[in-house]
Amino acid sequence: MSQADNQSTAAIFKRLVSGRFGKIALPAIILQSVLIGGGYASGREVVAYGAKYGSAGWLSILAIFVGFTVMAMLTFELARTFRVYEYKGFIKQIIGPAWPLFDVIFLAMAVLIIAIMASAAGNIMEQTIGIPYLGGIVGIIGLVGVLTYFGAGLIERFKMVGTGFLYLAYITFGVVVLSQVWGDVTTVFASANTSYVADAGLGSVLSSGALYVGYNLAVYPAVFFCLHRQETRKESIVSGLLAGLLMTLPFTLTYLALLGFYPSEAVMGAEVPWLAMLDQIGSPAIIALYGVVMGWTLIETSVGLIHAIIDRVDESINQLSTATFEDADGLTRLQSGLLGGSILVLATILSRVGIIALVAQGYTIMAYFFIALFAVPLLTVGLYRIVNPSVTLPLLDVRNNRPQQERN
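Per my numbering, residue 102 is the first one in the sequence shown, and the count goes up by one each step.
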């Protein structure tokens with residue numbers, strides 16, 4: 102592509118994101134693209150927090166949709182109201198001097214999510230398209246490093262294209278599977294089958310959905326860098342509703358596909374239930390496509406989480422330079438790329454623990470931390486501050502930040 106073509110593409114993209122698409126649709130797309138890796142790419146998470154309840158699992162989906170939507174609306178509106186576009190500045194608005202706790206938990210959760218994706222993606226790419234485990238992971242580390250090197254503009258473009266590809270792929274998987282097992286899905290609902298678990302009561306199912314929302318709150322800081330375009334409360338609310346919808350639909354699709362095999366241990370107990378389902382359908386082309394999709398989801402999720410960390414580091418460097426009267430622009434492109442690669446290497450080492458143990462234990466533990474440090478403060482202090490933005494709360498160390506400049 103010539104330089105003129107590149108400039109023309111950049112101009113089109115700039116016009117697109119400066120309008121309603123950038124204000125409303127793009128934040129929802131960014132959230133969905135980061136969620137896909139830790140949330141439902143393998144299907145393991147959907148089993149653990151919804152599908153294991155069989156016909157009662159729709160209640161978990163309802164809780165998930167409400168939770169994601171409310172959290173997105175409040176997050177977008179608080180960021181817009183106080184003009185905080187990196188997660189340290191944001192979290193200080195709701196938990197004040199306790200913000201270092203969130204720092205530690207977010208970094209740990211980011212590494213955990215990437216580790217789970219690396220565990221699944223590395224093995225699946227090896228099984229489906231013949232790329233050696235380490236070879237595939239090394240290639241992904243390199244690509245993530247390139248994306249973090251070039252910054253926000255390239256990441257936004259990558260995620261716009263990537264989200265469309267992933268949605269199309271998962272719709273394809275869902276249609277292929279459901280076309281074969283739809284009769285079994287309807288049977289599960291007709292018979293009210295919840296036999297895979299001992300307790301499928303209302304409280305258990307709803308709390309499971311709440312925990313799913315809780316640990317996935319880790320993806321919200323990944324969207325801060327593109328929220329500066331929102332100017333009105335209506336934009337925040339509509340964008341939050343769209344985000345909740347985009348984040349819930351793939352879970353619903355995966356849930357329905359899993360019910361076609363319920364309560365088969367071969368699928369429900371598999372490390373990667375999507376692969377187990379596609380194996381039973383028996384289409385080599387679809388299975389190969391799934392291998393490509395898993396590699397892509399690892400890239401999408403890793404880039405989003407790592408970019409949030411880089412923004413956080415940049416802001417600290419800028420604050421330090423202001424305090425010492427020195428000039429600083431944050432991390433250089435090379436430093437950003439190296440930081441992203443280092444986080445991926447750490448996550449790859451952790452990935453050897455195994456996906457089932459990581460999801461079952463790591464996600465649930467982290468969910469409680471994020472509910473305590475993010476959800477509860479946002480629903481209480483955050484909502485109060487949105488309604489009363491001029492009121493200063495003495496326990497909070499807050500200040501209004503101006504939007505950060507986009508990286509080119």
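The C-beta atom is built at its ideal place from N, Cα and C for all residues, glycine as well.
Measuring CA to CA, which of the options is closest to residue i?
i: Ser-403; options: Ile-238, Lys-153, Ala-157; result: Ile-238
i: Val-320; options: Ile-125, Ile-131, Leu-127; result: Ile-131
i: Glu-492; options: Phe-183, Gly-236, Val-262, Pro-198; result: Glu is not the amino acid found at residue 492; the sequence shown has Val there. Out of Phe-183, Gly-236, Val-262, Pro-198, Phe-183 has the C-alpha closest to the C-alpha of Val-492.
i: Tyr-250; options: Thr-465, Val-446, Leu-439; result: Leu-439
i: Ala-344; options: Gly-370, Gly-168, Gly-240, Phe-274; result: Gly-168
i: Glu-146; options: Phe-475, Met-369, Glu-416, Leu-445; result: Met-369
i: Pro-128; options: Ile-242, Gln-331, Ile-137, Thr-295; result: Gln-331
i: Ala-311; options: Gly-144, Met-172, Phe-122, Gly-123; result: Met-172
i: Ser-161; options: Thr-170, Gly-405, Ser-305, Val-477; result: Ser-305
i: Ala-476; options: Gly-236, Leu-318, Gly-302; result: Leu-318
i: Thr-449; options: Asp-204, Gly-240, Pro-351; result: Gly-240
i: Pro-490; options: Ile-256, Cys-327, Arg-334; result: Arg-334
i: Leu-255; options: Asn-294, Gly-405, Thr-170; result: Gly-405
i: Trp-375; options: Phe-266, Gly-275, Val-262, Ile-215; result: Gly-275
i: Arg-413; options: Pro-322, Ile-230, Ile-242, Thr-170; result: Pro-322
i: Ser-384; options: Thr-229, Trp-283, Ile-242, Pro-351; result: Thr-229
i: Ala-164; options: Arg-121, Leu-235, Pro-233, Phe-352; result: Phe-352
i: Trp-283; options: Gly-123, Tyr-363, Gly-231; result: Tyr-363
i: Ser-134; options: Leu-235, Thr-264, Glu-336; result: Thr-264
i: Met-467; options: Val-205, Leu-347, Gly-144; result: Val-205
i: Tyr-464; options: Gly-392, Leu-347, Ile-215, Thr-288; result: Ile-215
i: Ile-232; options: Thr-295, Leu-451, Gly-392, Cys-327; result: Gly-392
Could you tell me the distance, in whole angstroms, from the CA atom of residue i to the CA atom of residue j?
i: Tyr-188; j: Ala-142; result: 25 Å
i: Ile-472; j: Val-488; result: 21 Å
i: Trp-200; j: Ile-410; result: 14 Å
i: Gln-281; j: Ile-272; result: 14 Å
i: Thr-433; j: Val-324; result: 21 Å
i: Tyr-469; j: Leu-213; result: 15 Å
i: Tyr-316; j: Ala-211; result: 10 Å
i: Arg-181; j: Trp-159; result: 33 Å
i: Val-373; j: Asp-285; result: 21 Å
i: Phe-426; j: Asp-415; result: Any reading at Phe-426 must be qualified, since the residue scores a pLDDT of 47, below 50, and its modelled position is unreliable; no value is offered.
i: Tyr-297; j: Ile-217; result: 24 Å
i: Arg-258; j: Tyr-268; result: 16 Å
i: Leu-474; j: Ile-418; result: 24 Å
i: Val-235; j: Ala-126; result: Residue identity differs from the one stated: residue 235 is Leu in this sequence, not Val. Approximately 36 Å between the Cα atoms of the pair.
i: Gly-123; j: Ile-137; result: 20 Å
i: Pro-198; j: Phe-177; result: 22 Å
i: Thr-288; j: Ala-371; result: 22 Å
i: Leu-347; j: Thr-170; result: 10 Å
i: Leu-307; j: Leu-202; result: 27 Å
i: Ser-309; j: Phe-326; result: 30 Å
i: Gly-329; j: Val-262; result: It is worth fixing the name first, because residue 329 is His in this sequence and not Gly. Straight-line Cα distance between these residues: approximately 21 Å.
Assuming residue i is part of the alpha helix (DSSP H), what are its boundary residues?
i: Tyr-313; result: 303-317
i: Leu-445; result: 434-451
i: Gln-228; result: 200-230
i: Ser-340; result: 334-360
i: Leu-474; result: From DSSP, Leu-474 is part of no alpha helix (DSSP H); its letter is neither H nor E.
i: Ala-157; result: That residue, Ala-157, is in no alpha helix (DSSP H); it is neither H nor E in DSSP.
i: Gln-381; result: 374-382
i: Leu-190; result: The sequence given here places Gly at residue 190; Leu does not occur at that position. Counting along the chain, the alpha helix (DSSP H) containing Gly-190 begins and ends at 188-196.
i: Gly-367; result: The amino acid at residue 367 is misidentified as Gly; the sequence shows Ala. Its alpha helix (DSSP H) spans residues 366-369.
i: Val-185; result: Run containing Val-185: none; DSSP gives neither H nor E here.
i: Val-247; result: 234-251
i: Tyr-485; result: 484-488
Take residue i and list the residues in its own chain whose beta-carbon comes closer than 6 Å to its own, dropping the five residues that flank it on each side.
i: Met-174; result: Ile-338, Gly-341
i: Gly-441; result: Val-245, Gly-246, Thr-249, Ile-407
i: Val-446; result: none
i: Ala-293; result: Ser-156
i: Ile-48; result: This structure cannot speak to residue 48, because the chain is shown only from 102 to 509.
Excluding five sequence neighbours on each side, which residues of the same chain lie with their C-beta closer than 8 Å to the C-beta of residue i?
i: Val-278; result: Ala-358, Gly-361, Met-378, Leu-379, Ile-382
i: Leu-208; result: Ile-410
i: Leu-179; result: Val-185, Phe-191, Gln-194, Ile-195, Leu-479, Gly-483, Arg-486, Ile-487
i: Phe-290; result: Ser-156, Leu-360
i: Ile-388; result: Thr-229, Leu-376, Leu-379, Asp-380
Apart from the five residues just before and just after residue i, which ones in its own chain have a Cβ nearer than 7 Å to its Cβ?
i: Leu-244; result: Ile-400
i: Ala-270; result: Leu-390, Val-394
i: Phe-166; result: Gly-345, Thr-349
i: Glu-366; result: none
| Counting Cβ pairs closer than 8 Å, one from the region 211-228 and one from the region 392-402, do we hit at least three? | yes
| said: When you compare the region 356-366 with the region 144-160, are there three or more beta-carbon pairs, one atom per stretch, that lie closer than 8 Å? | reply: yes
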